[in-house]
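Numbering (full-length UniProt numbering), first residue to last: 1 to 789.
Right under this line is the structure:
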């Protein structure tokens, strides 16, 4: 059977054909396959012989509508397209065209079948892509058709419902299509107007300009034109219209029809006529005014009139203003443009507006303008024009600013005086109490071993009292009531001596850069105050830097002239030494900058600052006749520039010595005068413990009586400054009559200018600020006894 089939098919010829060919017996088993089949399946003739076709192709059952099966069953040829869509295989196995034909013997009996396979994957995919393309194209066409219909409907609605008249007009002038607004304007119904030409309803005097414009339009010289003309209303009167006409052409460029937009401007024209009639009267009324008077169209786009004062105040001609109405806004100062814009908005909202703003004239001069304007309406309530008056109020504003400046200076002075009085009153009584607390605490600590728990507790009390005393001193410094002893100092030397301490203060994460000015002039200031300034500024700079950063300290000689001081409030001409400190921290906004010198103002977290640091700096600089300039913006760091007057006198010869041990007396007689009994008792205990002979008096009167009766020589007077009946200075002067060589030491929490002028200690006066420690008192007493004259 196999041989018969092979001979019948001449398999030797089929073996070399490129087509995939297989031969089957009547049981659908493979008898023979050609080389192309073997290459396509990877199965040799020996391996495939006797097997089912579908098993070789990796299937579990025969293909649906298999042409081989049908050919054997029907005895007729069959073909089928076998694809992943109609068969049980993956898309990667492709699509095939299978043809099956029966093989018969000499008697006509079916003995098998021959099948050919052709891969049609590409053709199937191309057909599918083409089908999808046409499907998509059909959807797009439907969508575009729907959008076109929608657009046509919207255009129809826009045409019909427009509040402005619209018309399509033939080249000859016949109305083709018109809307309701046009019919309403001319008084005709739609049917009536469609029987007319535009020439029939146009005033005869306006036809010639119409034809001239249409000729230009048809010649392509213009794309459209707009003009004002008159129409004849159905009732016989004239109406003014503004018409805009365009030409519509076909694809070849041949004219089809005109599109016209027609707006009824009769009311506006009537208003313009009425305005023209009143213009002469307006000139007579405003011609002699010193204020600017002007009128404009209701939209502000056209200036109708302006008087001569405009050129005098604004510095530009009336003609320029008429040709460019926006000039007035261009001249508004950049910082005031928002005010001018708000005024215009208010005008159109409320009908009236008033504003004050600055203008910058072409010559650079700045003037203040009071601008008042009104939106005027006709009898029907429609806006027709704007009228305004502009007054030059520069002189008035200058006076107001000067007055405000003086008021601010007076308020600042009053504020400083109030704080000063408060600080002075607090300092006197508060420091007396602190003197008692600190003094007795020190005495108690002397009686207790340092490692005793009580000693530790007493140290805490002493620390708290000292911190309280610091706050009082800070208040006095801010109010410029602090008693100071100025010295001639070299600012570079002072800063260099503090650098080590300042670096410890700001920490390791922040770089401290020192830029010393060359040939720096000297200044006169209390060195302790410089220490306060540098410490406070560095602490503030440190707190402004979030992580790592840099602080730069710089000194420099500067000279201010009249021109510089004219634009820098509070500065005076002269020679100064600048101390500048810059940080690259967070910076400050304007609201914060305006408050940084106010006492107790702080942006720091609770417990991280008293809000007195910069207040102290401000008070110290002002007390020393200096100035402060602060430059800061958010995210750009802060720079403080402090200017101190150059000192032109001779340098003082003063030296400060550090004493390691507490010095004791040699039995000298000391008279202590203090109206606070507790302090008087404390002073006796401390001084007697230091080997002094102590006399005490609670009042100046008692002190004088005691001195007259005392037979021994009194070497030193220690007295409070502020006392009832007689101050310490007066007491010292009277006692020095009895004891000419008497030396004096003044102690006080607040001197009240008794021994100091404006807080500056008088020359030759010895002073000790309350509360003072035992060491400070001992050192000061020995210094006065041994070195003062």
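Don't be surprised by glycine CBs; every beta carbon is placed ideally from N, CA and C. Keep in mind that this is a model prediction, so the values were computed, not measured.
Ordered along the chain, which non-local residues of its own chain (more than five positions away) have a Cβ less than 6 Å from that of residue 656? As a first step, residue 656 must be located in the chain shown, where it is residue number 656. Confidence in residue 656 is poor, its pLDDT being 48 and thus under 50, which makes the residue's placement unreliable; the coordinate value appears in the next sentence. Closer than 6 Å at Cβ, skipping near neighbours: no residue.
What did DSSP end up calling residue 22 once you bin it into helix, strand or coil? For the purposes of this step, residue 22 is identified with residue 22 of the chain shown, where counting begins at 1. Looking at residue 22 - three-state DSSP - the assignment turns out to be strand.
Candidates 682, 735, 691: closest to residue 706 by CA position: Taking the first residue of the chain shown as 1, we reach residue 706 at position 706. Restricting attention to 682, 735, 691, the CA atom closest to the CA of residue 706 is found in 735.
Please go through the same chain and pick out, in chain order, the residues whose beta-carbon is closer than 7 Å to the beta-carbon of residue 104, but skip the five residues on each side of it. For the purposes of this step, residue 104 is taken as the residue at position 104 of the chain shown. Closer than 7 Å at Cβ, skipping near neighbours: 110, 111.
Return the Cβ separation of residue 522 and residue 488 in integer angstroms, given the expectation that the two are a contact with Cβ distance under 8 Å. Taking the first residue of the chain shown as 1, we reach residue 522 at position 522. Taking the first residue of the chain shown as 1, we reach residue 488 at position 488. The pair is a contact, with the Cβ atoms about 5 Å apart (cut-off 8 Å).
Tell me which same chain residues have a C-beta within less than 7 Å of the C-beta of residue 54, skipping the five on either side of it? Reading the chain shown from its first residue, position 54 is the one you call residue 54. Here the set comprises 61, 62, 63.
Keeping to the same chain, check which residues put their C-beta closer than 7 Å to that of residue 385; ignore five residues upstream and five downstream. Against the chain shown, residue 385 aligns to sequence position 385. For residue 385, where only same-chain residues beyond five positions count, the Cβ hits under 7 Å are 275, 295, 296, 297, 298, 304, 376.
Helix, strand or coil: how does DSSP classify residue 170 here? Indexing the chain shown from 1 puts residue 170 at position 170. Looking at residue 170 - three-state DSSP - the assignment turns out to be coil, as it is neither helix nor strand.
Against chain C, does residue 737 count as a neighbour if the rule is that its beta carbon must be under 8 Å from one of theirs? Among the chains of the structure shown, chain C does not appear; only one protein chain is present.
For residue 634, which residues in the same chain have their Cβ closer than 6 Å to its Cβ, ignoring the five residues on either side in sequence? In the chain shown, counting from the first residue as 1, residue 634 sits at position 634. Sequence-distant partners of residue 634 (beyond 5 residues in either direction) whose C-beta falls short of 6 Å from its own C-beta, in its chain, are 587, 589.
Just to confirm before moving on: does the CB-CB distance between residue 725 and residue 749 stay below 8 Å? The residue you call residue 725 lines up with position 725 of the chain shown. The residue you call residue 749 lines up with position 749 of the chain shown. No, these two residues do not count as a Cβ contact at 8 Å.
Grab me the residues of residue 179's own chain with a C-beta within less than 7 Å of its C-beta, minus the 5 sequence neighbours each way, in chain order. Sequence index remark: in the chain shown, residue 179 carries index 179 (1-based). Closer than 7 Å at the Cβ level, and outside the excluded window around residue 179, lie 159, 160, 162, 165, 166.
Quick check: residue 314 and residue 331, are their CB atoms within less than 8 Å of each other? Position 314 of the chain shown holds residue 314. Position 331 of the chain shown holds residue 331. Cβ atoms of residue 314 and residue 331: closer than 8 Å.
Buried or exposed for residue 617, please, with buried defined as at least 16 other CB atoms from any protein chain shown within 10 angstroms of its CB. In the chain shown, residue 617 corresponds to position 617, counting from 1. Per the 10 Å Cβ criterion, buried.
Alpha carbon of residue 775 to alpha carbon of residue 438, nearest angstrom: Reading the chain shown from its first residue, position 775 is the one you call residue 775. Reading the chain shown from its first residue, position 438 is the one you call residue 438. Counting only the Cα atoms, residue 438 lies some 12 Å from residue 775.
Alpha carbon to alpha carbon, how far is residue 68 from residue 82? In the chain shown, the residue the question calls residue 68 occupies position 68. In the chain shown, the residue the question calls residue 82 occupies position 82. Cα to Cα, residue 68 sits roughly 13 Å from residue 82.
CA-CA distance, residue 695 and residue 741? The residue given as residue 695 occupies position 695 in the chain shown. The residue given as residue 741 occupies position 741 in the chain shown. Straight-line Cα distance between these residues: approximately 17 Å.
Nearest-angstrom Cα separation, counted from residue 763 out to residue 673: Position 673 of the chain shown, counting from 1, holds the residue named residue 673. Position 763 of the chain shown, counting from 1, holds the residue named residue 763. Distance from the CA atom of residue 673 to the CA atom of residue 763, rounded to whole angstroms, is 22 Å.
May I have the straight-line CA-CA distance separating residue 759 from residue 626, to the nearest angstrom? Looking up residue 759 in the chain shown gives position 759. Looking up residue 626 in the chain shown gives position 626. Confidence at residue 759 is low in this model, with a pLDDT of 47, below 50, so the placement of that residue is unreliable and no value is reported for it.
Determine the direct distance from the alpha carbon of residue 301 to that of residue 197, and round the result to whole angstroms. In the chain shown, residue 197 corresponds to position 197, counting from 1. In the chain shown, residue 301 corresponds to position 301, counting from 1. Cα to Cα, the separation comes out at about 35 Å.
Just verifying my parser: in three-state terms, what is the DSSP assignment at residue 334? Along the chain shown, read from residue 1 onward, the residue named residue 334 stands at position 334. Reduced to three states, the DSSP call for residue 334 is helix.
Range of the contiguous alpha helix (DSSP H) that encloses residue 701: Reading the chain shown from its first residue, position 701 is the one you call residue 701. Residue 701 -> alpha helix (DSSP H) spans 700-709.
Terminal residues of the continuous beta strand (DSSP E) containing residue 101? Translated into the one-based positions of the chain shown, residue 101 becomes position 101. Residues 96-104.
Exposed or buried, what is residue 769 when buried is set at 16 or more other beta-carbons lying within 10 Å of its beta-carbon? For the purposes of this step, residue 769 is taken as the residue at position 769 of the chain shown. Of the other Cβ atoms in all chains shown, 16 or more fall within 10 Å of the Cβ of residue 769; this residue is therefore buried.
Mapping DSSP to helix, strand and coil, what is residue 670? By 1-based counting over the chain shown, the position of residue 670 is 670. Correct three-state label for residue 670: strand.
Quick check on the DSSP output: what are the complete alpha helix (DSSP H) runs of length 4 or more inside the segment 516-546, in order along the chain? Listed in chain order, they are 527-544.
Rounded to a whole number of angstroms, what is the C-alpha to C-alpha distance between residue 619 and residue 525? Working through the chain shown from its first residue, we reach residue 619 at position 619. Working through the chain shown from its first residue, we reach residue 525 at position 525. The straight-line gap from Cα to Cα measures roughly 13 Å.
Neighbourhood of residue 792 by C-beta, 8 Å cutoff - its chain only, sequence neighbours within 5 removed: The question about residue 792 has no answer here: the residues shown for the chain are numbered 1 through 789.
Could you tell me which residues DSSP pairs with residue 354 in its beta bridges? Looking up residue 354 in the chain shown gives position 354. Paired residue(s): 372.
Between residue 581 and residue 551, is the Cβ-Cβ spacing less than 8 Å? Sequence index remark: in the chain shown, residue 581 carries index 581 (1-based). Sequence index remark: in the chain shown, residue 551 carries index 551 (1-based). In this structure, the beta-carbon distance from residue 581 to residue 551 falls below 8 Å.
Could you tell me the alpha carbon to alpha carbon distance between residue 450 and residue 500, rounded to whole angstroms? Residue 450 sits at position 450 when you count from the first residue of the chain shown. Residue 500 sits at position 500 when you count from the first residue of the chain shown. Rounded to whole angstroms, residue 450 to residue 500 spans 30 Å at the Cα level.
First and last residue of the uninterrupted alpha helix (DSSP H) at residue 265: If you number the chain shown from 1, residue 265 lands on position 265. Here residue 265 belongs to no alpha helix (DSSP H), and DSSP marks it neither H nor E.
Relative to the alpha-carbon of residue 254, which residue among 784, 66, 171 has its alpha-carbon at the smallest distance? Within the chain shown, residue 254 is the residue found at index 254, counting from 1. The residue with the shortest Cα to Cα distance from residue 254 is 171.
Where residue 464 falls: helix, strand or coil (DSSP): In the chain shown, counting from the first residue as 1, residue 464 sits at position 464. Under the three-state reduction of DSSP, residue 464 is assigned to helix.
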